[in-house]
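Asks: Mind the numbering: the sequence shown is residues 5 to 96 in my numbering, read in order.
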Amino acid sequence: MGMWDALLNWLRSLFFKQEMELSLVGLQNAGKTSLVNVVATGGYSEDMIPTVGFNMRKVTKGNVTIKLWDLGGQRRFRTMWERYCRGVSAIL
């Protein structure tokens with residue numbers, strides 16, 4: 005059964021691949037970077053450095069690849085939020 009499942013998964017991967025782009029916006033210290041880290045690694049850390057500008061991280065889970073735009077929440081970075089929200093699959 006294991007070999008059959010592997011073959012079936014391989015065939016699915018040839019025809020099904022989903023790519024998404026998400027922008028995370030919110031006030032400073034809201035947990036945006038922590039959420040990205042939990043999605044990417046499954047781990048959580050309370051010791052976070054504030055995001056300066058933005059961070060981009062690609063995460064692949066199975067056949068789905070998510071490009072996460074983690075945008076700084078300080079007032080000086082809020083003017084760029086709109087730029088990173090255009091054309092994305094979802095805004096959190």
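Ideal Cβ positions, reconstructed from N, Cα and C, are used throughout, including at glycine.
Just so it is clear, the structure is predicted and the values come from calculations on it, not from any experiment.
Between residue 63 and residue 72, is the Cβ-Cβ spacing less than 8 angstroms?
Replies: Along the sequence shown, one-based indexing puts residue 63 at 59. Along the sequence shown, one-based indexing puts residue 72 at 68. Their beta carbons are under 8 angstroms apart, which means residue 63 touches residue 72 by this criterion.
Asks: Please return the same chain residues whose Cβ sits closer than 7 angstroms to the Cβ of residue 44, not counting the five positions on each side in sequence.
Replies: Stepping through the sequence shown from its first residue, residue 44 is reached at position 40. Same-chain partners within the cutoff: 61, 63.
Asks: If you measure between the beta carbons of residue 132 and residue 88, is that distance less than 8 angstroms?
Replies: Nothing about residue 132 can be reported from this structure: the residues present for the chain run from 5 to 96 only.
Asks: Would you mind reading off the limits of the alpha helix (DSSP H) that contains residue 36?
Replies: Translated into positions along the sequence shown, residue 36 becomes position 32. Residues 36 to 45.
Asks: Please state whether the Cβ-Cβ distance between residue 95 and residue 29 is less than 8 angstroms.
Replies: Translated into the one-based positions of the sequence shown, residue 95 becomes position 91. Translated into the one-based positions of the sequence shown, residue 29 becomes position 25. A contact, by the Cβ cut-off of 8 angstroms.
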